[in-house]
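See structure below.
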Amino acid sequence: MDLQVSDDVSKEYLAEVLPILENEEFLSLGTFCHHQWTNRLMHSINVSYVSWLIARKLGCDAGAAARAGLLHDFCPYDFKKKTPTGECQAFYHPKAAARNSERVFQISEREQKAILSHMFPLGPMPRNTEAWIITLADKVCASMELCHVAIALARRDRMVLSGTSA
Ligand SMILES: [Fe+2]
Ligand SMILES: [Fe+2]
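With the first letter of the sequence shown counted as 1, position 42 gets the number 38 in our numbering; the numbers rise by one all the way through.
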């Protein structure tokens, strides 16, 4: 699996997220269908990029927003499967994503909290600005993706995943 990045993607943005985008386990998210026609990797990249743009505009921690946005659905498994705890996937997967992010990457407490609260109002309320940005960006990206509208880095083939059927 290979992620091709066009030259017009901000180098400043890439510097924040490159170690995550080079990780094989993370890239495997590209094999999972998400919001009917896209894949979980592309959705995560879109949430990350939109979060980074908003955080920069607001003058808060854009790096934390970019990383937590990228990792918010770091769950390389089929969402249709039963969860180990019996919880609904909407409540379970943010905890799984936070656990996986801690296991594979060094994330800050701020980033962990943002991942855990991204499904608000299902689950905990966001407790920091970056967490609010990610829960908002997730909903915007999900809505656009469900309407088959390519946004953020999915537009104009700015990031293209090869080697998957999604
Ligand atoms: Fe999610
Ligand atoms: Fe999401």
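We treat Cβ as the ideally placed atom computed from N, Cα and C, and that holds for glycine.
Counting along the chain, D(-2) sits inside the beta strand (DSSP E) bounded by residues D(-2) to V1. With contacts defined by Cβ atoms closer than 9 angstroms, I147 and M155 do not form a contacting pair. Here DSSP, grouped into helix, strand and coil, assigns L118 to coil. Here DSSP, grouped into helix, strand and coil, assigns V43 to helix. With a threshold of 16 other beta carbon atoms within 10 Å, G55 falls short and is exposed. Between the alpha carbons of A60 and G26 lies a distance of about 22 angstroms. Taking the Cβ of H144 as the reference point, every heavy atom of ligand 2 lies at 8 angstroms or farther away. Per DSSP, L157 lies in no alpha helix (DSSP H); the unbroken beta strand (DSSP E) holding it starts and ends at M155 to S158. A93 has its alpha-carbon roughly 22 angstroms from the corresponding atom of L142. Under the three-state reduction of DSSP, T125 is assigned to helix. With at least 16 other beta carbons inside 10 angstroms of its own, V13 counts as buried. With respect to I130, G82 sits apart: the two C-beta atoms are not nearer than 9 angstroms. For C143, the three-state secondary structure derived from DSSP is coil.
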